[in-house]
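The sequence shown: position 104 = 436 (this note's numbering), numbered continuously.
Ideal Cβ positions, reconstructed from N, Cα and C, are used throughout, including at glycine.
Since the structure is predicted, the reported quantities are computational estimates derived from the model, not experimental observations.
Let me begin by presenting the structure, written as structure tokens, before commenting on it.
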Amino acid sequence: MRIALAIIVLGIALTAVSRDALAQIEVMPSDNAFAPILRLKDRFYQVRVDQRVIVRLPSQSFAPMSAPAAKSKKPVVVKYKEQKIGKCLWIDKLAGSRPGTKDTLELLTRDGVLIRAYLGDGCLAREFYAGAYMERPFDGKLCVDRDLLHARTGAKCEVDKFRLLVPR
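Okay, structure coming up:
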């Protein structure tokens with residue numbers, strides 16, 4: 333599959349070459365499965381196929397109200413206590429984000445757990461009103477002082493620390 337894709341890419345790149353010359357392409361294996369070596373007559377070409385995965389965290393509204401709170405129609409203010417959590421989060425477990433205070437972003441997991449991410453210097457949480465996205469790292473984790481969160485407004489922010497939010 334990758335070799336066929338490499339041949340197609342090379343064929344597009346060599347549009348000035350005649351059909352007879354394209355028929356003489358020979359594909360040779362390489363150390364890297366993503367970069368086969370292609371031989372055309374006496375010249376060698378190496379085509380590299382890169383893959384990039386972007387993970388999007390949509391903007392989430394506040395958690396749905398419980399049944400008693402829905403009957404009273406009064407907004408229930410939940411106060412949270414912060415607890416230490418590790419320096420990395422699994423990206424697959426994240427479901428959404430919402431701006432918190434001035435420099436914090438609240439991340440919601442698929443389990444319903446709320447995590448506060450403290451953004452780096454000069455980053456404002458309000459820039460993440462439309463959600464956040466990031467490039468998927470090699471290990472599948474979002475880590476402190478390593479990965480960047482991107483806002484749809486164009487801001488790029490590092491995370492200084494994570495805190496688990498537990499209702500009081």
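Restricting to Cα atoms, I'd like to know which of C475, K434, R448 is closest to A457. Out of C475, K434, R448, the CA that lies nearest to the CA of A457 is found in K434.
Output needed for L481: all residues of its chain with C-beta closer than 6 Å, excluding positions within five of it in sequence on either side, in chain order. Within the same chain, and ignoring the five residues on either side of L481 in sequence, the residues whose Cβ sits closer than 6 Å to its Cβ are A464, M466, C489.
8 Å Cβ cutoff met for L437 and L451: Contact: yes.
Inspect the beta-carbon positions of K416 and R500 and report whether they are closer than 8 Å. The answer is no: Cβ separation not under 8 Å.
Just how far apart, CA to CA, sit Y461 and L439? Straight-line measurement puts the Cα of L439 at about 12 Å from the Cα of Y461.
Mark V409 as exposed unless 16 or more other C-beta atoms lie within 10 angstroms of its C-beta, in which case mark it buried. V409 is exposed by the Cβ-count criterion.
Cβ of K473 within 8 Å of Cβ of I423? Their beta carbons are under 8 Å apart, which means K473 touches I423 by this criterion.
Taking the alpha-carbon positions, what's the R468 to D479 distance? The alpha-carbon atoms of R468 and D479 are separated by roughly 9 Å.
Would Q392 and R430 qualify as a contact pair, given that the criterion is a beta-carbon distance under 8 Å? Contact: yes.
Whole-angstrom distance between L497 and E414, CA atom to CA atom: Going from the Cα of E414 to the Cα of L497 covers about 5 Å.
Whose CA, out of D471, C475, F470, lies closest to the CA of A449? A449 has its Cα closest to that of C475, out of D471, C475, F470.
Considering only C-alpha positions, which residue in the set L446, G418, K419 is nearest to K411? Nearest to K411 by C-alpha distance, out of L446, G418, K419, is L446.
Rounded to whole angstroms, what is the Cα-Cα separation between G418 and D477? Taking the straight line from one Cα to the other gives about 13 Å.
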